[in-house]
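Shown next, in structure tokens, is the structure this report addresses.
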Amino acid sequence: MQATRANNPFRVVSDYVPSGDQPQAIRELAGRLRAGETDVVLLGATGTGKSATTAWLVEELQRPTLILAHNKTLAAQLASEFRELMPDNAVEYFVSYYDYYQPEAYVPQTDTFIEKDSSINAEVERLRHSTTTSLLSRRDVVVVSTVSCIYGLGAPEEYLNAMISLNVGQRISRDAICRSFVNMQYARNDIDFSRGNFRVRGDTIEIIPVYEEFAIRIELFGDEIEAIYTLHPLTAEIIDRHQSIAVFPATQYVASPETIHRAIATITHELDERLAEFERAGKLLEAQRLRMRTTFDIEMMQQIGFCSGIENYSRHIEGRLPGQPPTCLLDY
């Protein structure tokens with residue numbers, strides 16, 4: 003699906019204007035970047051307005067911008083500052099969503115396999131999804147991130163192709179909308195209406211996208227969309243009415259059935275190679291564990307197009323060669 007991105011201008015809203023050395027710095031930095039330089043430096047002591055100068059520079063250049071910080075705390079501070087300076091633009095916060103992470107491990111002395119364990123911060127996960135959604139739906143985006151931006155993500159083409167666009171007056175059945183939501187990894191739950199779920203009541207469908215704080219209500223009359231609303235998920239208070247909306251997937255590792263089918267073929271081929279290596283080395287227990295785990299994952303992908311830890315198969319899903327870097331936020 004071809005993306006139609008909103009093209010709102012970058013605009014700084016502030017009671018202050020560039021002063022002192024700031025106007026000269028903005029002019030010089032903008033001129034050098036327009037001339038094609040890739041490495042320019044803005045020097046300044048703490049409290050001299052570097053964040054404001056950067057915001058004015060973005061306004062001058064009118065380019066989507068990635069701002070890197072060395073830890074989550076500084077990234078959160080910068081995101082807050084840029085949201086105050088650029089309230090009409092999408093200022094997004096993209097950091098690791100793990101509160102706790104323990105990688106999987108194997109203790110050969112006791113033949114003990116320790117499963118991967120982690121705790122995900124739901125609000126930070128929402129902000130990550132909000133980042134990718136903004137990058138694919140509008141151009142006036144400033145992303146404040148840590149090194150998380152170079153870690154693997156799903157392919158933006160697959161993510162965009164899975165998106166569904168709905169318009170008032172569009173002819174589409176209730177079941178077709180529900181199937182699209184399920185294909186995007188949303189779960190139908192008529193009891194627990196929370197982020198990542200949708201519910202159906204008669205000709206009304208309500209969904210809370212993973213990147214939103216509010217719910218979306220789609221009202222149908224037969225097979226035609228009659229109205230689309232944004233509403234509060236707890237009070238059901240209507241916040242806004244829309245002529246059209248776009249709903250993006252609930253995961254960044256979404257793939258079409260054709261892509262999954264191709265990936266399963268290459269996963270199976272690599273599995274056969276690895277099993278043969280283990281069997282030649284006499285590691286029959288390891289071979290059995292690998293066969294059981296991978297076969298289970300393949301069955302899940304065949305049935306629902308997804309499995310736990312699908313990011314581990316990203317090379318096969320994206321069709322990359324061994325050693326090629328994965329898709330990351332920079333590709334969005």
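Just so you know, we're using the numbering used here here: the sequence shown kicks off at 3 and counts up by one.
Cβ atoms here follow ideal geometry from the backbone N, Cα and C, with glycine treated the same way.
Determine the direct distance from the alpha carbon of residue j to that of residue i, and round the result to whole angstroms.
{"i": "SER316", "j": "GLY156", "result": "7 Å"}
{"i": "ARG201", "j": "ILE220", "result": "11 Å"}
{"i": "SER21", "j": "GLU159", "result": "43 Å"}
{"i": "THR134", "j": "ILE269", "result": "27 Å"}
{"i": "CYS330", "j": "GLU313", "result": "12 Å"}
{"i": "VAL170", "j": "ASP205", "result": "14 Å"}
{"i": "MET3", "j": "MET165", "result": "With a pLDDT of 46 at MET3, under the threshold of 50, the predicted position of this residue should be treated as unreliable, though the coordinate-derived value follows. Approximately 8 Å, taken between the alpha carbons."}
{"i": "LEU87", "j": "ILE218", "result": "29 Å"}
{"i": "ASP101", "j": "ARG173", "result": "43 Å"}
{"i": "ASP119", "j": "CYS309", "result": "16 Å"}
If I'm right that residue i touches residue j with Cβ under 8 Å, what's the distance once you round it to whole angstroms?
{"i": "PHE280", "j": "ALA289", "result": "4 Å"}
{"i": "ALA57", "j": "PHE96", "result": "Actually they do not touch by this definition, with Cβ atoms about 18 Å apart."}
{"i": "GLU94", "j": "VAL149", "result": "Rounded, the Cβ-Cβ distance is 16 Å, inconsistent with contact."}
{"i": "MET302", "j": "VAL256", "result": "Between VAL256 and MET302 the Cβ distance is about 14 Å, and since that is not below 8 Å, they are no contact."}
{"i": "LEU80", "j": "ALA92", "result": "LEU80 to ALA92, Cβ: 15 Å. No contact."}
Taking 8 Å as the threshold (C-beta atoms), are residue j and residue i in contact?
{"i": "VAL15", "j": "PRO89", "result": "yes"}
{"i": "GLN24", "j": "THR48", "result": "no"}
{"i": "ARG197", "j": "VAL212", "result": "yes"}
{"i": "HIS234", "j": "PHE216", "result": "yes"}
{"i": "PRO66", "j": "TYR161", "result": "no"}
{"i": "GLU61", "j": "ARG13", "result": "yes"}
{"i": "LEU332", "j": "ILE152", "result": "yes"}
{"i": "ASN163", "j": "SER258", "result": "yes"}
{"i": "SER182", "j": "ASP225", "result": "no"}
Assign residue i to buried or exposed, taking buried as 16 or more other Cβ atoms, counted over all protein chains shown, within 10 Å of its Cβ.
{"i": "PRO327", "result": "exposed"}
{"i": "ASN10", "result": "exposed"}
{"i": "GLY307", "result": "buried"}
{"i": "ALA77", "result": "buried"}
{"i": "GLN26", "result": "exposed"}
{"i": "ARG130", "result": "buried"}
{"i": "HIS318", "result": "buried"}
{"i": "GLU320", "result": "buried"}
{"i": "VAL143", "result": "buried"}
{"i": "LEU59", "result": "buried"}
{"i": "MET294", "result": "exposed"}
{"i": "GLU42", "result": "Correcting the residue type first, residue 42 is Val in the shown sequence and not Glu. VAL42 is exposed by the Cβ-count criterion."}
{"i": "SER147", "result": "buried"}
{"i": "ILE262", "result": "buried"}
Would residue i pass as an interface residue toward chain C - the criterion being a Cβ-Cβ separation below 8 Å?
{"i": "GLU117", "result": "The structure shown contains no chain C, having only a single protein chain."}
request  = Report yes or no: do the segment 122 to 132 and the segment 199 to 209 share at least 3 C-beta pairs separated by less than 8 Å?
outcome  = Flag = no, the segment 122 to 132 and the segment 199 to 209 do not touch.
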